[in-house]
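In what follows, a single structure is set out as structure tokens and then discussed.
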Amino acid sequence: MQEQRTTTSGKNVVSFSIAVDRQSQDDQADFFNITAWDKLGDLVMQYLSKGRRVLIQGRLRQDSWEDKDTGKRQSRIEVTASDVTFLDGPSGDNSGSAAPKTTKKEEVVTEIDDKPIDLSEIPF
1 MQEQRTTTSG KNVVSFSIAV DRQSQDDQAD FFNITAWDKL GDLVMQYLSK GRRVLIQGRL
61 RQDSWEDKDT GKRQSRIEVT ASDVTFLDGP SGDNSGSAAP KTTKKEEVVT EIDDKPIDLS
121 EIPF
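Everything in the sequence shown is counted per UniProt numbering, starting at 1 for the first residue and increasing by one.
Laid out in structure tokens, this is it:
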């Protein structure tokens, strides 16, 4: 589940993990740690629940440290989310109507002009 905290500078940060099913193997998944900041973190706290399908966009960040007990070097990779899109409703019903999507709406081209292009009109 999500964990919400506030930094010393007053910024809101939410940490959570997602499971991604492996295509080649049954019943196996990879788990990825995600961090969402400020208003995006608020949306995650409000709408994300276990089993809910999401699309995460962001950047990868690798942390490394030395384990105090063993002295071995440890590392982990985390995704810092820049966008979270909820792909289904809150109960996992695939309706998508119960929670807002945070991505910008893309324009879909429905008609394509299939006239041939006159290469002499191209200025280069």
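Every residue gets a Cβ at the ideal spot worked out from N, C-alpha and C, and that includes glycine. Just so we're clear, the structure is a prediction, and the values are computed from it rather than from any experiment.
Which one of SER15, THR8, SER9, LYS11 has the shortest CA to CA distance from GLN2?
Nearest option by C-alpha distance: SER15.
Can we say the stretch 30–40 touches the stretch 4–20, given the rule of at least three CB pairs closer than 8 angstroms?
Yes, since at least three Cβ pairs between the stretch 30–40 and the stretch 4–20 fall closer than 8 angstroms, the two stretches touch.
Just reading off the alpha helix (DSSP H) that LEU40 is part of, what are its end residues?
From DSSP, the alpha helix (DSSP H) with LEU40 extends over 38–47.
Who are the near neighbours of LEU82 in its chain, counting only those whose CB is closer than 6 angstroms to its CB and skipping five residues on each side?
The amino acid at residue 82 is misidentified as Leu; the sequence shows Ser. GLN57, GLY58, listed in sequence order.
So who's on the other strand from THR80, going by DSSP bridges?
Bridge partners of THR80: THR35, ARG59.
Can you give the Cα-Cα distance for ARG5 and GLY41, rounded to whole angstroms?
About 10 angstroms.
Given that a residue counts as buried once 16 or more other Cβ atoms are within 10 Å of its Cβ, and exposed if not, what is LEU48?
Buried.
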